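In our numbering, the protein residues as written are 14 to 495.
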């Protein structure tokens, strides 16, 4: 690693322990674990002779001490680590600095266990993390390998042909490949043996390895309808979306235009993106199933497999990451089919889809060895199956910032064009999706000519509820400014 000056080292001591820095009073077994964790993460340095607080105590170093430490590290790790060791004099005391870079061949084990560095602590790696690091080293992924439990007879060439036809619909020059040729071209069939990706994408029958449990819940414990999918991944995306459409509501919005507009409880394209991400990035080596739960006010989609090493939820939402795909071949085939536009952009499309729809941002979280996305609808609606609603005091509805803006410019009747102009919006579709339709659905605005929705004189005005909400929004703004 790069040499450091005493001035730089003193700054490190002031900052304290981190992902790349550890303080040790003495060299011990835990020091070797830390070095292996550094090698499996971003590299790092151990300073021996310093307390956790950064206080310099110093360490006694004999004639053979350094070599003994190096030998202990070398014999305890596979692949064998050989740290750089430098003796420093800090505040007139001897301190030993042991450094290792990020190792190119991962993971490095320490006495049969594997560690990674997270913030200022060592964490033992899971089996899945160990496998992923190994696959990354050889620039491949789990689904690339030959499936030892299935053969070419276990896949459907008819499904492969359907895939070819789907791809050809978006190509200027259609592919002339037959199913077997395509499988070989994309390395889904190698030397007559089917790969894991090939099986999951085109399985002929059913397999518990791809199980997705689907449920419509009336309460967290009472399920009203359920289904189970155990088929190929392309069919599972369609199956999940069909189940979701079955159990969410759709409204028809009269906007004054020639065609009435449909509005589902959720933006279906964004929900489909969540489903595709779940199917593509699932850890299929796990024995757990994927689960989709639909409640009155939300949809929860869980799949086995946490985020890939180095990726956090914060980085995911900020778009601050390099795409690192668990199932590279599966992702490639979904992209070929036009279901993935560009690697690493799916989350941003989901966020934009919900924002444009005037709905809260979905919640993304790592949980129970997997990853869960929760999408929220605009309101908590009682189920359509005849559930008697409870009588509650009238409350001010929760409205989005976009709806509040529309209400603020609709003090007097306005046409659609006037509203767009006053809001400074040029995109007609975005205006309808994020502003107009949510306001109509919530009963905050109404048509001035409800009997003639397509009238060229049609305008929109505030309802009594809308005036109340608009007045409260004004009061809130005044209170904040005051």
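For each residue, glycine too, the CB sits at the ideal point set by N, CA and C.
Computed from a predicted structure; not experimentally measured.
Looking at the DSSP output, residue 126 shares a beta bridge with 123.
Residue environment: residue 35 is assigned as buried (16 or more neighbouring CB atoms within 10 Å of its CB, all protein chains considered). Residue environment: residue 380 is assigned as exposed (fewer than 16 neighbouring CB atoms within 10 Å of its CB, all protein chains considered). Taking the Cα positions, residue 274 is about 51 Å away from residue 138. When DSSP reads this structure, residue 102 sits in a beta bridge with 107. Beyond the five residues adjoining it in sequence on each side, residue 416 comes within less than 6 Å, by CB distance, of 451 and 452 in the same chain, given in chain order. Contact between residue 346 and residue 214 is confirmed by a C-beta separation of about 6 Å, below the 8 Å threshold. The C-alpha of residue 106 is placed about 30 Å away from the C-alpha of residue 90. Residue 36 is bridged by DSSP to 60. Minimum Cα-Cα distance from residue 59 among the listed residues 330, 253, 135 and 256 corresponds to 135. It is roughly 6 Å from the alpha-carbon of residue 443 to the alpha-carbon of residue 369.
Beta-bridge pairing by DSSP links residue 383 to 317 and 380. Contact between residue 373 and residue 363 does not hold, since their C-beta atoms are separated by about 12 Å, which reaches or exceeds 8 Å.
Comparing C-alpha distances from residue 53 to each of 125, 18 and 146 shows the shortest one belongs to 146. Our two residues, residue 232 and residue 222, have alpha carbons roughly 28 Å apart in a direct line. Here DSSP, grouped into helix, strand and coil, assigns residue 173 to helix.
For residue 424, the secondary structure class from DSSP, reduced to helix, strand or coil, is coil. Annotation for residue 437: no alpha helix (DSSP H) segment contains it, and DSSP assigns it neither H nor E. DSSP lists 239 and 306 as the beta-bridge partner residues of residue 228. Judged by beta-carbon spacing, residue 455 lies beyond the 8 Å limit of residue 422, meaning their Cβ atoms are not closer than that value. For the set 103, 104 and 115, the Cα lying nearest the Cα of residue 97 is the one of 115. Taking every protein chain shown into account, the CB of residue 77 has fewer than 16 other CB atoms within 10 angstroms, so this residue is exposed.
Within the same chain, 388 come within 6 Å of residue 312 by CB-CB distance, once the 5 residues on both sides are set aside.
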